[in-house]
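Undergrad:
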């Protein structure tokens with residue numbers, strides 16, 4: 002993995018968008034004061050790939066990605082890995098509760114030909130989103146997060162993780178660095194190939210067992226059978242032609258028998274219709290009935306005409322009906338006028354009483370009001386007595402009061418008020434009743450005058466008795482006319498039914514004649530030769546030509562239907578006897594032809610059976626020929642199939658041998674590549690090379706005092722102290738500066754000698770503990786590593802002497818707006 006371009010937007014201490022371009026840099030240093038944000042750049046590389054940072058303590062934590070005052074941020078990186086270009090983006094957001102979460106994460110493969118500043122727009126294909134980004138990043142880089150932080154990014158305080166790691170953890174890292182897991186995949190593939198080869202060999206053996214009958218002897222027998230069937234097919238033609246001739250004789254005999262049987266059936270079906278004997282008398286009776294009913298209808302139609310003329314002479318009944326209706330209306334109007342006039346006079350007569358009652362009620366209301374006023378004065382006087390004093394002027398007469406008056410308590414004013422209110426209400430009701438009566442009397446008087454005026458305007462009335470007598474006479478004449486019309490209709494119905502019956506009898510007669518003619522025509526068509534024709538196609542001789550004497554039906558006599566039917570039926574009986582004799586002769590002829598065919602077919606079937614051909618029962622000549630041809634085709638097919646099976650059996654024998662050999666080879670390969678053998682040996686060899694290379698670097702860094710070695714039993718990394726006469730001791734006993742030197746030596750060895758595929762390494766701090774000589778050795782080692790390998794090396798350091806020797810520096814500073822980066826070179 003080699004980073005090319007890094008974008009930071011509100012990530013950590015970088016509060017403004019920052020772009021760090023590594024594309025033209027192989028060896029660089031991140032310099033600046035403590036807390037400026039140097040390590041944050043390395044953190045951003047790790048966070049972009051794995052979503053977490055070692056310095057944050059807990060793996061998977063993202064809370065430190067944003068400063069407390071920042072609501073959202075983003076990290077994006079373009080990098081190359083294994084010859085391909087990728088882009089990874091992670092965006093963070095702070096939710097309403099203040100917690101930081103990943104809002105977006107994606108990993109895409111990019112077009113390496115696109116300009117670097119437009120790389121994120123040149124997506125070749127998306128690889129992962131969300132939680133799938135970290136596993137995909139592990140696949141792309143070839144390293145898990147824990148191993149990435151041990152050999153690519155070495156954070157502050159974690160230089161010694163690989164140095165102090167357990168042997169199993171170091172082996173896991175080496176497996177990834179060396180791509181040794183491919184050997185496990187090869188072993189698994191070999192195991193699968195072994196199983197597959199064994200299954201295919203077993204399947205081929207099973208298939209071979211099914212072909213046990215595909216022998217050379219079986220092939221020879223099939224070839225001989227095919228030749229015999231071919232000779233039979235060539236010689237069977239004449240026999241089939243004879244069978245076809247026999248079948249032709251049978252078909253002709255069946256046709257002649259069918260013709261005789263059909264004529265016999267026609268004769269048997271011939272029968273006189275039941276109505277024929279009585280049709281003549283029925284025709285005469287129907288004609289007489291039609292004539293009688295015709296005369297009756299004519300008489301009734303004359304009576305109907307006379308009745309309607311009498312009705313027309315009496316005139317229309319509408320006029321007398323209108324006069325009677327006017328008379329009824331006049332009488333109703335006179336009754337209404339008399340009743341209304343009486344009601345008006347009664348209303349006028351009652352007005353005097355209502356006026357007197359209203360007057361009485363008015364007087365009662367006045368008296369009640371007067372009584373109430375007197376009672377009010379009494380109440381006022383009684384109230385005034387309490388204010389009088391002897392010798393003082395009276396407030397009413399202004400004379401001195403000589404003696405106080407004595408007043409009894411007056412009656413209650415509320416009683417007087419209620420009495421006054423009731424008297425006024427009664428007076429009001431009396432006035433309203435009088436006014437209503439006056440209005441009603443006036444209205445009734447006007448209605449009576451109007452009715453009397455309408456009555457006077459009507460014309461003089463007619464005579465009711467005369468009008469009613471005239472209407473009765475018209476009704477009687479109308480009833481007589483109706484009865485005459487009903488009688489005519491009934492007579493016409495009877496006449497129509499009689500005519501229908503006569504037509505039906507005529508149709509029956511015509512149908513009987515037609516049936517007779519059709520039957521005679523069928524007999525004529527079905528008549529003719531009853532005997533067999535002279536010689537048949539088979540060469541058999543037949544009896545002479547026989548005909549029924551007088552086989553034509555008698556001619557029709559048109560003057561008598563019954564006699565014509567009787568003569569035809571008599572002829573039918575004679576013809577039926579002759580047809581029965583002819584049918585018996587045809588039956589015998591047909592049976593003889595069938596016997597000859599059966600004998601010939603039996604002889605041919607026995608011949609076919611000798612060759613193993615079993616045709617269907619009662620097979621036709623074509624079917625027999627097809628059976629022989631089919632047997633020949635099956636024999637040819639069986640021979641071809643047997644030859645193919647013999648060839649396939651040979652192929653299967655070769656396949657069994659080949660697959661068994663493949664299974665054996667795959668089994669041996671799987672045994673050699675077992676994880677507890679080959680992988681452990683490979684990692685042990687790589688670890689030995691790694692420790693030897695790191696030991697040389699450590700010897701230079703420690704001025705010859707220390708070397709590294711592997712413990713024989715535990716596999717731990719030990720230190721050889723030449724200052725103590727070559728004493729071997731655990732690497733955990735080294736001091737802080739010595740531990741950094743040993744861890745740095747291992748990291749450089751991992752990057753330089755073992756993990757050739759690691760494209761970059763980042764060292765974060767740790768150089769401040771080195772003395773000048775060791776620091777010079779470290780700087781020389783890093784320069785040699787950067788110059789001799791196509792690998793990016795990045796340092797985070799506060800040591801000016803080391804930073805000055807790095808060709809490219811990224812100067813990191815921080816102010817009130819956050820961290821900033823400036824790229825600079827050696828002056």
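In the numbering used here, the protein residues as written are 2 to 828.
For each residue, glycine too, the CB sits at the ideal point set by N, CA and C.
Under 8 angstroms between the Cβ atoms of residue 749 and residue 782?
TA: Yes, these two residues count as a Cβ contact at 8 angstroms.
Undergrad: Around the Cβ of residue 819, are there at least 16 other Cβ atoms within 10 angstroms (buried) or fewer (exposed)?
TA: buried
Undergrad: Look up residue 109 in the DSSP assignment and give the residues it is bridged to.
TA: In the DSSP output, where bridge partners are listed per residue, residue 109 has 88, 127.
Undergrad: I need the straight-line Cα distance from residue 384 to residue 429, nearest angstrom please.
TA: 34 angstroms
Undergrad: Where do the ends of the alpha helix (DSSP H) carrying residue 372 lie?
TA: 319-386 is the extent of the alpha helix (DSSP H) around residue 372.
Undergrad: Check whether the stretch 121-141 and the stretch 94-109 touch, using three or more Cβ-Cβ pairs below 8 angstroms as the test.
TA: yes
Undergrad: Between which residues of its own chain and residue 1 is the CB-CB distance below 6 angstroms, once the five residues before and five after are set aside?
TA: Look at the range of the chain in this structure, 2 to 828, and you will see that residue 1 is not part of it.
Undergrad: Residue 136 lies in the alpha helix (DSSP H); which residues open and close that run?
TA: In this chain, the alpha helix (DSSP H) harbouring residue 136 covers 134-142.
Undergrad: Check whether the stretch 15-28 and the stretch 797-806 are in contact - that is, three or more C-beta pairs closer than 8 angstroms.
TA: no
Undergrad: Quick one: what does DSSP say residue 533 is sitting in, helix, strand or coil?
TA: Confidence is the limiting factor: at residue 533 the pLDDT is only 42, short of 50, which leaves the residue's position unreliable, though a coordinate-based value still follows. Three-state DSSP puts residue 533 in coil, outside helix and strand.
Undergrad: Return the chain-ordered list of same chain residues with a C-beta closer than 8 angstroms to the C-beta of residue 91, the five sequence neighbours on each side being excluded.
TA: 48, 49, 52, 75, 76, 77, 103, 105, 106, 134
Undergrad: Distance, Cα to Cα, residue 329 vs residue 450?
TA: In a straight line, the C-alpha of residue 329 is about 21 angstroms away from that of residue 450.
Undergrad: Residue 421 and residue 381: beta carbons closer than 8 angstroms?
TA: no
Undergrad: Going straight from the alpha carbon of residue 507 to that of residue 473, what length do you get?
TA: 51 angstroms
Undergrad: Can you find at least 3 beta carbon pairs, one from the stretch 430-445 and one from the stretch 336-352, that sit closer than 8 angstroms?
TA: yes
Undergrad: Hey, residue 326 and residue 441: beta-carbon distance below 8 angstroms or not?
TA: no
Undergrad: Nearest to residue 308 by CA position, among 484, 278, 390, 226, is which residue?
TA: 484
Undergrad: What did DSSP end up calling residue 557 once you bin it into helix, strand or coil?
TA: Coil, per DSSP.
Undergrad: Would you mind stating whether residue 696 and residue 709 have Cβ atoms separated by less than 8 angstroms?
TA: yes
Undergrad: Quick one: Cα of residue 146 to Cα of residue 208, how far?
TA: 53 angstroms
Undergrad: Can you list, in chain order, the stretches of the beta strand (DSSP E) that have 3 or more residues and sit fully within the stretch 411-495?
TA: none
Undergrad: Just mark residue 11 as buried or exposed, buried being the case when its beta carbon has 16 or more other beta carbons within 10 Å.
TA: buried
Undergrad: Of the choices 795, 468, 2, 217, whose alpha-carbon is the least far from that of residue 318?
TA: The shortest C-alpha separation from residue 318 is found at 468.
Undergrad: Can you tell me the Cα-Cα spacing of residue 386 and residue 411, whole angstroms?
TA: 13 angstroms
Undergrad: Return helix, strand or coil for residue 237, following the three-state DSSP convention.
TA: coil
Undergrad: Less than 8 angstroms separating the beta-carbons of residue 598 and residue 241?
TA: no
Undergrad: Between the C-alpha atoms of residue 435 and residue 372, what's the straight-line distance to the nearest angstrom?
TA: 27 angstroms
Undergrad: Checking the sheet assignment: what are the DSSP bridge partners for residue 578?
TA: DSSP output for residue 578 lists no bridge partner at all.
Undergrad: Return the residue from the list 723, 621, 628, 495 that minimises the CA-CA distance to residue 292.
TA: The option with the nearest alpha carbon to residue 292 is 495.
Undergrad: Count Cβ pairs between the stretch 192-210 and the stretch 655-668 that sit closer than 8 angstroms; are there 3 or more?
TA: yes
Undergrad: Assess, as a yes-or-no matter, whether the stretch 108-126 is touched by the stretch 81-91 under the definition of 3 or more beta carbon pairs within less than 8 angstroms.
TA: yes
Undergrad: Which ranges does the alpha helix (DSSP H) cover as unbroken runs of at least 4 residues, wholly within the stretch 210-265, from first to last along the chain?
TA: Here the runs fully enclosed are 217-236.
Undergrad: Please list the segments of the alpha helix (DSSP H) lying wholly inside the stretch 567-624, counting only runs of 4 or more residues, in order along the chain.
TA: none
Undergrad: Quick check on residue 616: buried or exposed, where buried means 16 or more other Cβ atoms within 10 Å of its Cβ?
TA: buried
Undergrad: With DSSP collapsed to three states, give me the class of residue 70.
TA: coil
Undergrad: Near residue 541, what residues of its chain come up, given a Cβ to Cβ distance below 6 angstroms and the 5 sequence neighbours on each side ignored?
TA: Any answer about residue 541 is weak, because its pLDDT of 44 lies below 50 and its placement is not dependable; what the coordinates show is given next. Closer than 6 angstroms at the Cβ level, and outside the excluded window around residue 541, lies no residue.
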